[in-house]
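These notes are about the structure you will find just below.
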Amino acid sequence: MRNWSMIERFSETFRHNPSLSRLLLVFTVSGGGLVAYSEAKSSNNEIKVASPEVVSRKKKVVVLGTGWAATSFLKNLKNSSYDVQVISPRNYFAFTPLLPSVTCGTVEARSIVEPIRNIVHKKNIDIHFWEAECFKIDAENKKVFCRPSKDGNLNGNEEIVVDYDYLVVAMGARANTFNTPGVEENCLFLKEVEDAQKIRRTVIDCFERASLPKLTDAERQKILQFVVVGGGPTGVEFAAELHDFVSEDLVKLYPKVKDYVKITLLEAGDHILNMFDKRITVFAEEKFQRDGIDLKTGSMVVKVSDSEISTKEIKNGQISSIPYGMVVWSTGIGTRPVIMEFMKQIGQANRRVLATDEWLRVEQSNSIYALGDCATINQRKVMEDISAIFSKADKDSSGTLTVKEFQDALDDICERYPQMQLYLKNKQMSNLVDILKESKGDVAKEAVALNIEEFKLALSQVDFQMKNLPATAQVAAQQGAYLANCFNRMEECEKNPEGPLRYRGEGRHKFRPFRYKHFGQFAPLGGEQTAAQLPGDWVSIGHSSQWLWYSVYASKLVSWRTRALVVSDWGRRFIFGRDSSQI
């Protein structure tokens, strides 16, 4: 009876809604999917299949990479009107700030990676992933050329050509060797998960080799000489992690060789952690001295052979050599070959990385965006547009600019040129009178009316506030989220632009330009001590900062799975120590 009542309700619905009878859903049982929607005419039994041209084609977005910028873009993209194709030689996202912890077994490699398919498969957007490597970008024809990953099952020489409407280049960067002889052949790097795993195996291998009989003391000292090149955050954290691994775990397992271990940190500059507050730099250098880490500042590496590393003292030019068992090279980032070729194609061959505008669009290309370590924002200078700014602000076309006219235009100027806002903030200024006081001395407010030349003079120092953004995960993640937000509101902002005034054109820019917000930075220094530098010149060093570091990094992991794994790894290390097995 219940089934019969349901049939009656369906029959009643179709009788009262004749239009429903015109829809025919064709299913294939074998394929298990929907084939087509078609309309049935009441006059005959013909079925007309809807033409593909009737359905509007989705815009094709190709994303190159699965790092911080690309993953942040994919996680925040919500507009279902795009067909997204992700291409990367690795099918996972890696939480790179924890790579130094992986090198010594504090955290396992699997704990900091999340398959990219896990991240995107629940989204209501057409997102597809191919494990392949892009080797060429054809901006003119809107194509990217890829080949399957060398580690895959397919022939690595097979070429894949992908068309796009929009291209998001987020391929990251490679280690920068500065063309130093022997670095590529003899040094280990710390950019990828595979690099961290290789370093971990090499450290254990050095201890195992040094434990073998019939070795001289000099041979053991050479094998257990660990050299870290680069005094930035990654090099410093790795040196600290290695020291903890040796002093807390390996000396118990290899007691006969513990006295031969030496860790050396080489830095070409005068101090390590130059991008941090001086208080942190001083504390880190003093702590490394107490821990027995040999810190050599002002030492530039000139050559690396298979048995020793040669350095040059910058002050006196003296050359010296250090025999080593392992060298880890961590001296900054360089541009990938595919990006270098693309830069030549678009007239940016003389640049270090891809140049974009403030909306992350690659210069000379409206449909290509670049973010993360492979790109930098080429912020437009105020002095380049000073005449246009003056003209827009001079609403009565009097040829002079009053305080009120400048104040009315100030918000748009600051939004378009962030260095202007930074200049006013640093100088504690709020209006045109304050700016004139800086350049001319005391000025009466009622007497202020600037011509173009006086206006140029008043703002001549503004562009000195410009700084490039650092190549960090924090910057890349914010850029990815910003670009996704732009894509989400593309149609809306086409109709109602929300950006600043176009000083060299009419109307407004479609979107507000990207603005980076700094939330602080950490520098783990070993021994459960971390240096933290947060906004507002707030500096904290010690054990309390270490727990803050644990909390922040656990919260920033991309999934609850990785959070649970990393936290359990930290707990396991506290209870059982680090694992020293070679697998």
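Going letter by letter, the sequence shown gives residues 19 to 601 in my numbering. Ideal Cβ positions, reconstructed from N, Cα and C, are used throughout, including at glycine. In this text the structure is predicted, and so the values were computed from the model without any measurement.
Here Asp312 carries a strand assignment [DSSP, helix/strand/coil].
With a cut-off of 8 Å on Cβ pairs, the region 97-108 is in contact with the region 143-161, counting three or more such pairs. Within the same chain, Phe540, Pro542, Ser563, Gln564, Trp567 come within 6 Å of Thr548 by CB-CB distance, once the 5 residues on both sides are set aside. Counting along the chain, Thr89 sits inside the alpha helix (DSSP H) bounded by residues 86-94. Cβ contact annotation for Ile332 (same chain, cutoff 8 Å, sequence separation greater than five): Ala286, Gly316, Ser317, Met318, in chain order.
Measuring C-alpha to C-alpha distances from Tyr184 to each of Gly595, Lys77, Leu268, Phe153 identifies Lys77 as the nearest. The continuous stretches of alpha helix (DSSP H) do not include Pro166, which lies in the beta strand (DSSP E) extending over residues 161-166. Within the model, the alpha-carbon separation for Asn334 versus Leu389 is close to 41 Å.
According to DSSP, Val247 shares a beta bridge with Leu284, Trp347. For Leu552, the enclosing beta strand (DSSP E) starts and ends at 547-552.
For Thr198, no alpha helix (DSSP H) segment is defined, and its DSSP state is neither H nor E.
The shortest CA-to-CA distance from Arg507 to any of Val346, Gln497, Lys96, Tyr182 is the one to Lys96. Annotation for Lys240: the continuous alpha helix (DSSP H) segment containing it runs 235-241. In the displayed model, Asp223 falls within a helix according to three-state DSSP.
Minimum Cα-Cα distance from Leu284 among the listed residues Phe244, Gln600, Gly365 corresponds to Phe244. The C-beta of Met293 has fewer than 16 other C-beta atoms within 10 Å across all chains shown, which makes the residue exposed. In terms of CA proximity to Glu176, Phe163 leads the group Phe163, Tyr182, Val186, Val187. As for any alpha helix (DSSP H) of minimum length 4 sitting wholly inside the region 462-511, the runs are 470-476, 491-506, ordered along the chain. Residue pairing by DSSP places Gln103 opposite Val80, His146 in a beta bridge. His261 counts as buried, since no fewer than 16 other beta carbons sit within 10 angstroms of its beta carbon. Taking C-beta separations shorter than 6 Å and ignoring five residues to either side along the sequence, the partners of Val320 in its chain run Ser328, Lys330, following chain order. With respect to the 7 Å criterion, Ala150 and Val211 are not classified as neighbours on the basis of their beta carbons.
Between Ala214 and Leu117, the CB-CB gap stays under 7 Å. Classified as buried, Asp587 has 16 or more neighbouring CB atoms from the shown chains inside 10 Å of its CB.
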